[in-house]
Amino acid sequence: MRELPLKDCPVPSEQQPVNEYEQLKESWFFRWATLETVNYWRKLAWVWLVAWLLVSPIAAASFPWQKAPGLFALSSSIGAGAIAALVWLRLLLGWYYVRDRLKAETVFYEESGWYDGQTWQKPPAMLVRDRLIVSYQVDSVVQRLKGTAVVLVVLIIAGSAIWLFFY
332 MRELPLKDCP VPSEQQPVNE YEQLKESWFF RWATLETVNY WRKLAWVWLV
382 AWLLVSPIAA ASFPWQKAPG LFALSSSIGA GAIAALVWLR LLLGWYYVRD
432 RLKAETVFYE ESGWYDGQTW QKPPAMLVRD RLIVSYQVDS VVQRLKGTAV
482 VLVVLIIAGS AIWLFFY
């Protein structure tokens with residue numbers, strides 16, 4: 332992690348918004364949202380596939396494969412989609428958190444524990460730098476995640492509509 336030193340900054344290094352952004356960007360899970368489009372969708376497809384493998388025994392208990400293959404496949408797919416949506420939600424919340432911390436004029440931090448929270452006013456240069464990071468790097472990630480939300484919602488609604496109208 333690349334730490335950016337700040338003079339007279341009381342905020343611990345790991346709680347400084349720019350360092351939180353660097354940590355998020357380099358983390359195994361949250362980095363997914365910054366991958367090239369094909370790789371990003373591939374990761375989400377793997378999540379869906381693993382989730383499908385996990386929920387299909389539950390679906391099979393309700394809709395045996397031999398008696399109702401359509402209901403089995405559809406219920407498994409909807410369950411896997413719900414799990415993929417939860418993974419997507421975790422990605423979105425992490426990036427929103429960092430975006431909000433970077434955009435804020437003040438930084439909330441804890442010196443030694445949850446009971447002694449403090450706030451610190453960002454100097455103008457730091458505020459400009461952080462907001463540039465949001466504008467040029469974080470907002471594009473958040474936009475991608477919002478686009479993913481549309482795809483996930485459409486897929487879940489389509490699956491639910493098929494369920495309602497055909498079964």
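Sequential numbering of the sequence shown, starting at 332, is according to my numbering. No residue lacks a Cβ here, since even glycine has one placed at the ideal position from N, Cα and C. Predicted model, so just to flag it, every value in this text is computed and none were measured.
query, result
"If we call anything under 8 Å between Cβ atoms a contact, is E441 one with Q452?", "no"
"Check for me: the alpha helix (DSSP H) holding W418 runs from which residue to which?", "Checking the sequence shown, residue 418 turns out to be Val, not Trp. Element bounds for V418: P400 to K434."
"First and last residue of the alpha helix (DSSP H) that includes F496?", "D470 to F497"
"Measuring straight from C-alpha to C-alpha, what distance separates T450 and S443?", "14 Å"
"For F439, which of helix, strand or coil comes out of DSSP?", "strand"
"Please say whether I464 and Y352 have beta carbons closer to each other than 8 Å?", "yes"
"Looking only at its own chain, which residues have a Cβ that is under 6 Å from the Cβ of F360, when we skip the five neighbours before and after it?", "none"
"Buried or exposed: which applies to A492, given that a residue is buried once 16 or more other Cβ atoms fall within 10 Å of its Cβ?", "exposed"
"Is the Cβ-Cβ distance between A411 and W379 less than 8 Å?", "yes"
"With Q449 as the anchor, note down where its beta strand (DSSP E) starts and where it stops.", "G448 to Q452"
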